[in-house]
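Under this note's numbering, the first residue of the sequence shown carries the number 273, and numbering increases by one thereafter. Before any comments, here is the structure.
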Amino acid sequence: MKKKDNQTLISFYIITIFPEMFTSISNYGVTGKAIQKKIIKLSLLNPRDFTKHKYKSVDDRPYGGGPGMLMTFQPLYLSIKHAKSLLQDATVIYLSPQGVKLNQSNIFQLIQKKKIIFVCGRYEGIDQRIIDSLIDEEWSIGDYILTGGELAAMVIIDSISRFIPGVIKTKKSLERESFYDNLLDYPNYTRPRKIYNMTVPEILLSGDHDKIRSWRLKKSIEITLEKRPDLLEKKTLQKEEKIILNAYKKNKK
Ligand code: 4H4
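See the structure below:
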């Protein structure tokens with residue numbers, strides 16, 4: 273049987289001294305399926321395999337002293353070079369707290385790239401000359417420090433996967449979720465109608481799709497205003513949304 277290999281939509285090379293960590297996305301759930309089905313291609317390269325010394329050391333002391341270690345220059349450099357030769361025209365991304373902070377809209381831009389090399393640092397980071405010569409973009413998943421870039425890479429791959437056609441649901445259901453258009457999700461309910469004396473809002477059982485749609489929009493706006501007013505500031509409001517927002521603000525006074 274002829275194998276279809278035109279379905280890979282996005283290819284990743286990961287530079288990591290702990291490649292086994294990536295079994296957590298390749299063996300489970302939606303990302304696992306996408307990788308099995310070859311919609312996403314994950315390849316792993318270990319700098320340790322590029323060491324030339326007897327002890328295969330991948331950490332080294334920083335010039336100028338101070339606490340902590342850095343990644344050894346040469347194995348890291350060679351593994352990135354190797355990944356670049358295997359995945360031509362790929363974007364090389366280093367994950368660190370100094371990077372541009374990720375949000376849902378730049379996750380969406382990342383998927384357009386099709387070929388990405390993630391460099392996962394350990395210890396206190398990597399030699400600046402590697403950043404200057406081989407890294408195209410530096411991204412951060414948030415203002416906190418991890419022990420390595422692996423979890424950050426997995427967070428990004430996981431989040432990107434959801435946008436890949438055939439990996440997850442329909443365009444319609446992507447459109448209704450949190451952050452689409454800078455609104456948080458509305459509350460969701462499933463069976464049963466009544467449990468432990470808790471009920472489902474009547475309107476969701478009414479079958480009136482127009483009313484349901486506007487109830488959900490109202491809830492989304494109220495929740496966003498309460499929990500993430502910063503998102504609403506960024507949003508361009510439609511007429512209906514303005515009306516809902518003004519009514520809500522008036523009511524609160
Ligand atoms: C890099 C730790 C730099 C500390 C690292 C420093 C993140 C993050 C992350 C392993 C690497 C850490 N990656 N988003 N946040 N010298 N990576 O924490 O600046 O303190 O993506 S340092």
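A virtual CB, placed ideally from N, CA and C, is assigned to each residue, including glycine. These figures come from a predicted structure and were not determined experimentally.
For the alpha helix (DSSP H) holding Lys313, just list the boundary residues, first then last.
Taking the sequence shown and counting its residues from 1, one reaches residue 313 at position 41. If you look at Lys313, you'll find it isn't in any alpha helix (DSSP H); it sits in the beta strand (DSSP E) that goes 312 to 317.
Proximity below 7 Å, CB of Lys490 to CB of Ile516
One-based indexing of the sequence shown puts residue 490 at position 218. One-based indexing of the sequence shown puts residue 516 at position 244. Yes. Within cutoff.
Consult DSSP for Ile440 and reduce its assignment to one of helix, strand or coil.
Taking the sequence shown and counting its residues from 1, one reaches residue 440 at position 168. It is coil, neither helix nor strand.
Does the ligand 4H4 have even one heavy atom less than 6 Å from the beta-carbon of Ser351?
As a first step, residue 351 must be located in the sequence shown, where it is residue number 79. Result no, Cβ not under 6 Å from the ligand 4H4.
For the structure I just gave you, are there three or more beta carbon pairs, one from the stretch 420 to 439 and one from the stretch 281 to 300, closer than 8 Å?
Verdict: yes, contact present.
Distance check for Ser478 and Tyr300, CA to CA, integer angstroms please.
Against the sequence shown, residue 300 aligns to sequence position 28. Against the sequence shown, residue 478 aligns to sequence position 206. Rounded to the nearest angstrom, the two C-alpha atoms are 37 Å apart.
Quick check on this structure: which residue in Ser377, Asn523, Pro459 has the alpha carbon closest to the alpha carbon of Tyr452?
Counting from 1 along the sequence shown, the entry for residue 452 is found at position 180. When the alpha-carbon of Tyr452 is set against those of Ser377, Asn523, Pro459, the nearest one is in Ser377.
Which runs of the beta strand (DSSP E) spanning at least 3 residues fall entirely within the stretch 374 to 405, listed in chain order?
Residue ranges of uninterrupted beta strand (DSSP E) with 3 or more members, entirely inside the stretch 374 to 405 and ordered along the chain, are 387 to 391.
Among residues of its own chain, excluding the 5 on either side of Lys522, which ones have a beta-carbon nearer than 7 Å to its beta-carbon?
For the purposes of this step, residue 522 is taken as residue 250 along the sequence shown, with counting starting at 1. Here Lys522 has no same chain residue with a Cβ atom under 7 Å from its own Cβ, once five neighbours each way along the sequence are excluded.
Reducing DSSP to helix, strand and coil, say where Tyr416 ends up.
Position 144 of the sequence shown, counting from 1, holds the residue named residue 416. Tyr416: coil per DSSP, three-state reduction.
Between Ser329, Thr280, Tyr285, Val330, which has its C-alpha nearest Gln308's C-alpha?
Along the sequence shown, read from residue 1 onward, the residue named residue 308 stands at position 36. With distances taken between CA atoms, Gln308 lies nearest to Thr280 out of Ser329, Thr280, Tyr285, Val330.
DSSP state of Ser357, grouped into three classes?
Walking along the sequence shown from the start, residue 357 turns up at place 85. Ser357 falls in the helix class under three-state DSSP.
How many Å lie between Ile287 and Ser351 at the Cα?
The residue you call residue 287 lines up with position 15 of the sequence shown. The residue you call residue 351 lines up with position 79 of the sequence shown. Ile287 and Ser351 have their alpha carbons spaced roughly 7 Å apart.
Just the Cα atoms here: how many angstroms apart are Gly375 and Asp457?
Here residue 375 corresponds to residue number 103 of the sequence shown, with the count starting at 1. Here residue 457 corresponds to residue number 185 of the sequence shown, with the count starting at 1. Here residue 375 turns out to be Asn, not Gly, going by the sequence shown. In a straight line, the C-alpha of Asn375 is about 16 Å away from that of Asp457.
Going by beta carbon distance, what residues of the same chain come within less than 7 Å of Lys275, once the five residues before and after it are set aside?
Translated into the one-based positions of the sequence shown, residue 275 becomes position 3. Note that Lys275 scores 45 on pLDDT, short of 50, meaning its location in the model is unreliable; the coordinates nonetheless yield the value given after this. Hits under 7 Å: none found.
Comparing alpha-carbon positions, which option in Leu503, Asp502, Ala362, Tyr395 lies nearest Pro339?
Counted from its first residue, the sequence shown places residue 339 at position 67. The residue with the shortest Cα to Cα distance from Pro339 is Tyr395.
Going by the C-beta, is Gly304 closer than 6 Å to any heavy atom of the ligand 4H4?
Sequence index remark: in the sequence shown, residue 304 carries index 32 (1-based). Checking every heavy atom of the ligand 4H4 against the Cβ of Gly304, none is found closer than 6 Å.
Please indicate yes or no: does the CB of His393 lie closer than 6 Å to some heavy atom of the ligand 4H4?
Taking the first residue of the sequence shown as position 1, residue 393 is located at position 121. As written in the sequence, residue 393 is Gly, which differs from the His given in the question. Yes - the ligand 4H4 has a heavy atom lying nearer than 6 Å to the Cβ of Gly393.
C-beta atoms of Asn469 and Leu503 nearer than 7 Å
One-based indexing of the sequence shown puts residue 469 at position 197. One-based indexing of the sequence shown puts residue 503 at position 231. At a Cβ-Cβ threshold of 7 Å, Asn469 and Leu503 do not count as neighbours.
Does DSSP put Gln279 in a helix, a strand or coil?
Residue numbering aside, residue 279 sits at position 7 when the sequence shown is read from its first letter. Look at Gln279 here: in three-state DSSP terms it is coil, with no helix or strand label.
Look at the Cβ atom of Ile311, then the Cβ atom of Ile413, and state whether they are nearer than 7 Å.
Taking the sequence shown and counting its residues from 1, one reaches residue 311 at position 39. Taking the sequence shown and counting its residues from 1, one reaches residue 413 at position 141. Pairing Ile311 with Ile413 gives a Cβ-Cβ distance that is not under 7 Å.
At least three beta-carbon pairs within less than 8 Å, the stretch 356 to 365 to the stretch 379 to 388
Between the stretch 356 to 365 and the stretch 379 to 388, the count of Cβ pairs shorter than 8 Å is three or higher; the stretches touch.
Three-state secondary structure (DSSP) of Ser351
Taking the first residue of the sequence shown as position 1, residue 351 is located at position 79. Note: Ser351 maps to helix in three-state DSSP.
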